[in-house]
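Participant: Mind looking over this structure? Questions follow.
Number of protein chains: 2
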Amino acid sequence: MPRRSVADAARTHAAILERSIDLASVEGLEGLTIGRLATDLQMSKAGVLGHFGTKEELQLATVRGALAIFAREVWEPAQEAAPGRARLLAIADAWMSYLGRDVFPGGCFMTAASTEFDGRPGRVRDTLARANERWMAVLAADARAAVKAEELPRGTDPQDIAFGMNAIAMGVNQARHLHGDASAPDRGWRALRTMLGAPRARRRALPRNP
Amino acid sequence: MPRRSVADAARTHAAILERSIDLASVEGLEGLTIGRLATDLQMSKAGVLGHFGTKEELQLATVRGALAIFAREVWEPAQEAAPGRARLLAIADAWMSYLGRDVFPGGCFMTAASTEFDGRPGRVRDTLARANERWMAVLAADARAAVKAEELPRGTDPQDIAFGMNAIAMGVNQARHLHGDASAPDRGWRALRTMLGAPRARRRALPRNP
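Chains A and B, in that order, give the protein sequences.
Every position in the first sequence, counted from 1, becomes a number in the numbering used here once 16 is added.
Every position in the second sequence, counted from 1, becomes a number in the numbering used here once 16 is added.
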């Protein structure tokens, strides 16, 4: 394949994926159809299928793309912080900012996809479950470091911290998208800091979209 | 209509609704089709449509039926408790028991339906949003009574308590259905009691299915 075609194909692939992630975040992964994507992107169905083969492959690529965005938005801004409570607080900031900025138009992609697929065995569900497990393990590892450093009370179960952070994020996402509650990320941020035993008084505004 | 036919019609209506709630809890409200229900219940499509008219009416009846089950399972066992913290603790018991017993085969109906419909304007979304608002108001009212009676720390925001209880329930539902984590209701129960400032030491087993 000449160099030009390779670059073109990569651009088309990325464009399909971008549209697919946006569409799935609003209408669900099952709502993704090759036909709908082809219409939106003014491509032929064969053109879309040529990039992803099957609907399941398209769903998997969409999930992986969304996971990469989540990592970029919530993990990367926090990763340089010191392991332990400092990093959990940095994650809390980034996570609430991500939810407040509606990075995915339909709300948190992972929450929606997990709810949609938790009763549908298969590769999509497995990919989502593994990603959520890895994320919970990252949170629990920092919670463990925080307990060891006495930044969290002795006897705190690191899994309880991971569970609680994830639950608060789900609650914020629901309040924002079911009720249009713009203050939900701030409420979630206070709840996260309370759980992590950090001062609530020095409340600061979450970063907004530029 | 002769009395016999009225009773028959009511029974058929209830049977359609029961199947519809189970199906929607696993496959989503959009996954509900008149044809699928007719096949499952060995009825004609016209027979199912005669009871609900349109897909939207069927979805609304399904949501209302599921809300009645939630009220029966989570509110009714707690409603006789004293307003304030006692009732919030009774609700915590009933809520975690409801999630632990998989009352809906696909997990909490309201969580799934809210996530599915939060980006789809219309009567189904409005019904779900209003029901969630009413439930949050019930929780916040008891939290307010608890703060007034000094059962919760002065300055506690009652909405924070309602938000936190709802978020914990969402987290339990995800852990149970995405990861098959059987201990999730116990973890959620401890988190709820910690949030409500109730002793964790006297941990007792949640009621199980008989």
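Here a beta-carbon is modelled for each residue, glycine too, at the ideal position from N, C-alpha and C.
Keep in mind the model is a prediction, meaning the values are calculated, not measured.
Under 7 Å Cβ-Cβ, which residues of chain A neighbour V42/B?
Facilitator: Under the 7 Å cutoff, chain A gives G135.
Participant: By the criterion of Cβ-Cβ separation under 9 Å, what are the contact partners of M112/B in chain A?
Facilitator: Residues of chain A passing the Cβ test: none, with the nearest at roughly 13 Å.
Participant: For P121/B, does the count of other Cβ atoms within 10 angstroms reach 16, so buried, or fall short, so exposed?
Facilitator: Exposed, because fewer than 16 other Cβ atoms sit within 10 Å of the Cβ of P121/B.
Participant: What's the gap between the Cα of R80/A and the Cα of W151/B?
Facilitator: Between R80/A and W151/B, the C-alpha separation is close to 35 Å.
Participant: Taking the C-alpha atoms as reference points, what is the distance between A98/A and E46/B?
Facilitator: Distance between the alpha carbons of A98/A and E46/B: 45 Å.
Participant: Tell me, please, whether the segment 137-149 of chain A touches the segment 141-156 of chain B by the rule of three or more beta-carbon pairs shorter than 8 Å.
Facilitator: Taking 8 Å as the limit for Cβ pairs, the verdict is that the segment 141-156 of chain B does not touch the segment 137-149 of chain A.
Participant: Which chain D residues are close to F179/A, counting only those with a beta carbon under 9 Å from its beta carbon?
Facilitator: Looking for chain D here will not work: the only protein chains present are A and B.
Participant: Pick helix, strand or coil for E167/A, following the three-state DSSP scheme.
Facilitator: Residue state, collapsed to three classes: coil.
Participant: Can you check whether the C-beta of T143/A is within less than 8 Å of a C-beta belonging to chain B?
Facilitator: So no, T143/A is outside the interface.
Participant: On the three-state DSSP scale, how would you describe L33/A?
Facilitator: Residue state, collapsed to three classes: helix.
Participant: According to DSSP, is Q58/B part of a helix, a strand, or is it coil?
Facilitator: Q58/B falls in the coil class under three-state DSSP.
Participant: Does the beta-carbon of S199/A have 16 or more other beta-carbons within 10 angstroms, so that it is buried, or is it exposed?
Facilitator: Per the 10 Å Cβ criterion, exposed.
Participant: Please list the terminal residues of the continuous alpha helix (DSSP H) segment that includes F179/B.
Facilitator: Run containing F179/B: P174 to H195, per the alpha helix (DSSP H) assignment.
Participant: Does the distance from the CB of V42/A to the CB of G135/B come in under 8 Å?
Facilitator: Taking 8 Å as the Cβ cut-off, V42/A and G135/B qualify as a contacting pair.
Participant: Within 8 Å of any Cβ in chain B, is that where the Cβ of G122/A sits?
Facilitator: For G122/A, the answer is yes, since a Cβ of chain B falls inside 8 Å of its Cβ.
Participant: Could you give the distance in angstroms between the alpha-carbon of E191/A and the alpha-carbon of S21/A?
Facilitator: The residue asked about is misnamed: residue 191/A is Ala in this sequence, not Glu. The straight-line gap from Cα to Cα measures roughly 45 Å.
Participant: Nearest-angstrom Cα distance between A129/B and D38/B?
Facilitator: Taking the straight line joining both Cα atoms gives about 12 Å.
Participant: For L168/B, I'd like the list of residues in its chain whose CB is within less than 8 Å of its CB, leaving aside the five on either flank, ordered along the chain.
Facilitator: R101, A159, A162, I177, L212 and G213.
Participant: Can you check whether the CB of R103/B is closer than 8 Å to the CB of A94/B?
Facilitator: Cβ atoms of A94/B and R103/B: closer than 8 Å.
Participant: Enumerate in chain order the residues of its own chain whose CB-to-CB distance from H67/A is below 6 Å, with the five nearest sequence positions on each side excluded.
Facilitator: For H67/A, where only same-chain residues beyond five positions count, the Cβ hits under 6 Å are H29 and I32.
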